[in-house]
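Undergrad: My questions will all concern the structure given below.
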Amino acid sequence: MPDLLQQINPDKLPVHIAVIMDGNGRWAKTKGKPRVFGHRNGVIAVREVTEAAAELGVKYLTLYAFSTENWSRPAIEVNALMSLLVDTVKKELATLNKNNIRLRAIGDLQQLPDKTHKALLEGIEQTKDNDRMTLILALNYSSRWEIVEATRAIAAKVRDSQIALEDIDVNLFSAHLATRDFPDPELMIRTSGEYRISNYLLWQAAYAELYFTDVLWPDFRKEHFYRAILDFQSRERRFGKTSEQLAHAI
Ligand code: IPE
Ligand code: IPE
Ligand code: MG
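Numbering (my numbering), first residue to last: 6 to 255.
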């Protein structure tokens, strides 16, 4: 593992990494345990990845913790996830502060249970001055929700003559998304061998490098995170240009 770490080029780190933490349920099933057991162990992976990202110097880490669609799961699982979120935010607060990490959240937070919402806002408030890394939890988040919300906010401004129709461009649209304070993710990781985006950062990931691994989230460790970054660093990001153009760019 120290080998892997040494291979990482600190000058080519993704500034923002987004993760779809998937496979908790299947992990628990292989152990003959209820799904919630998988979620609880997923917290260990969250801790590892947060620590690894901060140590490396990654500035933004966004973790998909609960999608808008996840409300359709059995109530017992949804409730357990909401309690786990409260407990985890409360428990990790001291560590976040010790490590100078700022907590933020994206998603329709108003619709979360009161306790979860409160714990989250408190965590955000108590870490707001930290500036080593920003840890963003996507909670009750879905990209389509976010895009519709942005559209509505922009339309209202046009209606109220605060902006003109001609003012609407990519930058203005980005500035109305939940992620307005953060740069776009450059690397998106999904665990558990599923090859889809599941309504996550659709707009923001326009040019993200996608990395998929079969590792189930509760088994995900620093070593796996380093591998994803190394893979990212081996890619040529062309942004529509040709390879030759990039080679000759000054
Ligand atoms: C990811 O693991 C965690 C959440 C979606 C909250 P899953 O719970 O989706 O686990 P699998 O995909 O069913 O194994
Ligand atoms: C995506 O995982 C959401 C989170 C990781 C929170 P899901 O397990 O809900 O995604 P699908 O349903 O398999 O696409
Ligand atoms: Mg899943």
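Idealized CB from N, CA, C, for every residue including glycine. Since we're looking at a predicted model, the values are computed, not measured.
#1: Nearest to Arg-195 by alpha carbon, out of Thr-184, Ile-173, His-229?
#2: Pick from Ala-50, Leu-192, Trp-222, Ala-143: whose alpha carbon is nearest that of Leu-117?
#3: Determine contact between the segment 133-143 and the segment 105-120, defined as no fewer than three beta-carbon pairs at a distance below 8 Å.
#4: I'd like to know if the segment 202-220 and the segment 180-187 are in contact, where contact means that at least 3 CB-CB pairs between them fall below 8 Å.
#5: Could you name the residues of the same chain whose beta carbon sits closer than 8 Å to that of Ile-49, not counting the 5 residues immediately before and after it, in chain order?
#6: Any chance the CB of Asp-224 is under 6 Å from a heavy atom of ligand 3?
#7: What does the alpha-carbon distance come out to for the pair Asp-172 and Met-193?
#8: Evaluate Leu-177 with the Cβ neighbour count: other Cβ atoms within 10 Å of its Cβ, from every protein chain shown; 16 or more gives buried, anything less gives exposed.
#9: So does the segment 126-137 actually touch the segment 151-168, counting three or more Cβ pairs closer than 8 Å?
#10: Suppose contacts are defined by Cβ-Cβ distances below 7 Å. Is Ile-22 in contact with Leu-61 by that definition?
#11: Am I right that Val-24 and Leu-68 are in contact with their C-beta atoms under 8 Å? What's the rounded C-beta distance?
#12: Can you give me the C-alpha to C-alpha distance between Val-63 and Val-20, rounded to a whole angstrom?
#13: Is the beta carbon of Ser-197 closer than 7 Å to that of Asp-92?
#14: With distance defined between alpha-carbon atoms, name the residue in Lys-120, Asn-46, Glu-249 nearest to Gly-30.
#15: Taking the continuous alpha helix (DSSP H) assigned at Val-94, which residues delimit it?
#16: Per DSSP, what are the beta-bridge partners of Glu-214 in this structure?
#17: Please state whether the Cβ-Cβ distance between Ile-234 and Ile-13 is less than 7 Å.
TA: Let me lay it out:
#1: For Arg-195, the nearest C-alpha among the options comes from His-229.
#2: Ala-143
#3: yes
#4: yes
#5: Pro-223
#6: no
#7: 30 Å
#8: The Cβ neighbour count for Leu-177, taken over all protein chains shown within 10 Å, is under 16; the residue is labelled exposed.
#9: Cβ pair count under 8 Å is below three, so no.
#10: no
#11: 5 Å
#12: 5 Å
#13: At the C-beta level, Asp-92 and Ser-197 stay beyond 7 Å of one another.
#14: Asn-46
#15: 80-103
#16: Leu-192
#17: yes
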